[in-house]
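Taking it in order: structure first as structure tokens, then the write-up.
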Amino acid sequence: MGFALGPRALSAGYKLAAFERTGSTNTEAIEHARGGEPGPMWFVTSEQTAGRGRRQRAWIAPRGNLAASILEVMTVPPAVAATLGFAAGLAEEAALEKVSLEAALRLGEGRPRYALKWPNDVLADGKKLVGIGLEAEVIGDRLAVVVGIGTNVVAAPEGTPTPAVSLAALGVQISAEELFSALSDAWVEFRGIWDNGRGFAEIRRLWLERAAGLGERVAINTGTTTLEGIFDTIDDAGCLIVRTADGRRLPVAAGEVFFGSAASVGAA
1 MGFALGPRAL SAGYKLAAFE RTGSTNTEAI EHARGGEPGP MWFVTSEQTA GRGRRQRAWI
61 APRGNLAASI LEVMTVPPAV AATLGFAAGL AEEAALEKVS LEAALRLGEG RPRYALKWPN
121 DVLADGKKLV GIGLEAEVIG DRLAVVVGIG TNVVAAPEGT PTPAVSLAAL GVQISAEELF
181 SALSDAWVEF RGIWDNGRGF AEIRRLWLER AAGLGERVAI NTGTTTLEGI FDTIDDAGCL
241 IVRTADGRRL PVAAGEVFFG SAASVGAA
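Here you go:
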């Protein structure tokens, strides 16, 4: 079975470039944008060798995992484009729920529980299953936005800041190709709701319903400092709002998040 767009993505006019193996689907997408590709277009592989995650960490997808990048070219400010990552998390979570239906029926109470971790990850039973990263580049008078989505389908990396898990380890026996088809259709839905940022209020509401650690103790390592408090909400720009011990509500635009007992480790 090869990669194919879902029926909704096909009817919406999305394009697809599938690779047996590539260095980085994000790089492929940006290079196509520089060459004049107007999007929307997916770039996908089940084996990625030189991807980049947050803070330039290696983002490797061994054969059987899913590395997918969606190129959208638009006329929005970069700060607005950044909120597209929340729509991506919702799309991935919806796709995971769809492909996990058989496992949910088979496993019952033992089925995996998915949640969205700020800013752009998807967790399964508290472990990292999906990493989502955004890149953007001004090309002419438009902004080329690439959303890279990496899913641990058959294998998960070790030694990550948040422990990782794969779908296979969770008892969800599906292929990267099957997950991608569901993701491409879910993307059409949530990209439409987002609507170039005009629908972020609804995206924010849906995201908060699925948020990991909401109302819990949190530590955010920003790279230069660590902020501790309670995860209060996200604001209308997508910043995480931390309520500190002295009652202040502070916005955080970027950082590595640790919840609960792990917050002590993250703060160390």
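Numbering-wise (full-length UniProt numbering), the sequence shown opens with residue 1 and increments by one. The beta carbon of each residue, even a glycine, is placed where N, CA and C say it ideally should be.
Next item on the list: Could you pull out every residue in the same chain whose Cβ sits closer than 7 Å to the Cβ of Asp232, ignoring the five residues on either side in sequence?
Entry: As a first step, residue 232 is located in the sequence shown; it is residue number 232 there, counting from the start. Contacts found: Ile241, Val242, Arg243 and Arg249.
Notebook entry, point to check: What is the DSSP secondary structure of Ser181, counted as helix, strand or coil?
Noted result: The residue labelled residue 181 in the question sits at position 181 within the sequence shown. Ser181: helix per DSSP, three-state reduction.
Note to self: If you reduce the DSSP assignment to three classes, tell me which class Thr233 lands in.
What the structure shows: In the sequence shown, the residue the question calls residue 233 occupies position 233. Here Thr233 sits in strand by DSSP.
Checklist line | Per DSSP, cross-strand counterpart(s) of Glu137 | finding: As a working note, residue 137 is residue 137 in the sequence shown. Residue pairing by DSSP places Glu137 opposite Ala144 in a beta bridge.
Margin query: Rounded to the nearest angstrom, what separates Ala103 and Tyr114 at their Cα positions?
Written below: Stepping through the sequence shown from its first residue, residue 103 is reached at position 103. Stepping through the sequence shown from its first residue, residue 114 is reached at position 114. Spanning the two alpha carbons is a distance of roughly 13 Å.
Next item on the list: For Ala253, collect the residues of the same chain with a Cβ closer than 7 Å to its Cβ; drop the 5 residues on either side in sequence, then sort them by chain order.
Entry: As a working note, residue 253 is residue 253 in the sequence shown. Hits under 7 Å: Cys239.
Margin query: Below 8 Å on the Cβ atoms is my contact criterion, and I expect Val165 with Asn152 to pass it. Report the Cβ-Cβ distance as a whole number of Å.
Written below: Sequence index remark: in the sequence shown, residue 165 carries index 165 (1-based). Sequence index remark: in the sequence shown, residue 152 carries index 152 (1-based). With a Cβ gap of about 7 Å, Val165 and Asn152 count as contacting.
Next item on the list: State yes or no: is the C-beta of Tyr14 within less than 8 Å of the C-beta of Pro40?
Entry: Within the sequence shown, residue 14 is the residue found at index 14, counting from 1. Within the sequence shown, residue 40 is the residue found at index 40, counting from 1. Result yes, Cβ atoms of Tyr14 and Pro40 sit closer than 8 Å.
Check: So the beta strand (DSSP E) Ser69 belongs to, where does it begin and stop?
Finding: One-based indexing of the sequence shown puts residue 69 at position 69. Judged by DSSP secondary structure, Ser69 falls within the beta strand (DSSP E) whose first and last residues are Leu66 to Met74.
Checklist line | DSSP three-state assignment for Trp118, whether helix, strand or coil | finding: Locating residue 118 in the sequence shown gives position 118, counting from the first residue. Collapsing the DSSP output to three states places Trp118 in coil.
Notebook entry, point to check: Which stretch, first to last residue, makes up the beta strand (DSSP E) that contains Arg249?
Noted result: Against the sequence shown, residue 249 aligns to sequence position 249. Arg249 -> beta strand (DSSP E) spans Arg249 to Val252.
Check: Just checking my contact of Ser69 with Val145 at CB under 8 Å: how many whole Å lie between their CB atoms?
Finding: Stepping through the sequence shown from its first residue, residue 69 is reached at position 69. Stepping through the sequence shown from its first residue, residue 145 is reached at position 145. About 10 Å; that fails the 8 Å criterion.
Item checked: Best match in Glu135, Ala91, Ile132 and Leu116 for proximity to Phe259 [C-alpha to C-alpha] -> Translated into the one-based positions of the sequence shown, residue 259 becomes position 259. Minimum Cα distance to Phe259 is reached at Leu116.
Checklist line | Which of helix, strand or coil DSSP assigns to residue 302 | finding: The chain is shown only over 1 to 268; residue 302 falls outside these bounds and no answer can be derived.
Notebook entry, point to check: By how many angstroms is the C-alpha of Ala82 removed from the C-alpha of Asp141?
Noted result: Here residue 141 corresponds to residue number 141 of the sequence shown, with the count starting at 1. Here residue 82 corresponds to residue number 82 of the sequence shown, with the count starting at 1. Rounded to the nearest angstrom, the gap between the Cα atoms of Asp141 and Ala82 is 18 Å.
Notebook entry, point to check: Where do the ends of the beta strand (DSSP E) carrying Arg205 lie?
Noted result: Reading the sequence shown from its first residue, position 205 is the one you call residue 205. Premise fails: Arg205 lies in the alpha helix (DSSP H), Phe200 to Glu209, not in any beta strand (DSSP E).
Note to self: Can you tell me where the alpha helix (DSSP H) holding Arg106 begins and where it ends?
What the structure shows: Your numbering for residue 106 matches position 106 in the sequence shown. Per DSSP, Arg106 belongs to the alpha helix (DSSP H) from Leu101 to Leu107.
Notebook entry, point to check: Out of curiosity, what's the CA-to-CA distance linking Trp194 and Gly110?
Noted result: Here residue 194 refers to the residue found at position 194 when the sequence shown is read from its first residue. Here residue 110 refers to the residue found at position 110 when the sequence shown is read from its first residue. Going by the C-alpha atoms only, they are around 33 Å apart.
Next item on the list: Take Ala156 and list the residues in its own chain whose beta-carbon comes closer than 6 Å to its own, dropping the five residues that flank it on each side.
Entry: In the sequence shown, the residue the question calls residue 156 occupies position 156. Taken in chain order, the residues that qualify are Ala164, Val165 and Ser166.
Next item on the list: Assign Arg55 to one of three DSSP states: helix, strand, or coil.
Entry: For the purposes of this step, residue 55 is taken as the residue at position 55 of the sequence shown. In this prediction, Arg55 has a pLDDT of 46, which is less than 50 and means its spatial position is unreliable; nothing more can be read from the coordinates.
Next item on the list: Specify, as a first and last residue, the run of the beta strand (DSSP E) that Ala219 falls within.
Entry: Taking the sequence shown and counting its residues from 1, one reaches residue 219 at position 219. It spans Arg217 to Asn221 - the beta strand (DSSP E) in which Ala219 sits, taken as one unbroken run.
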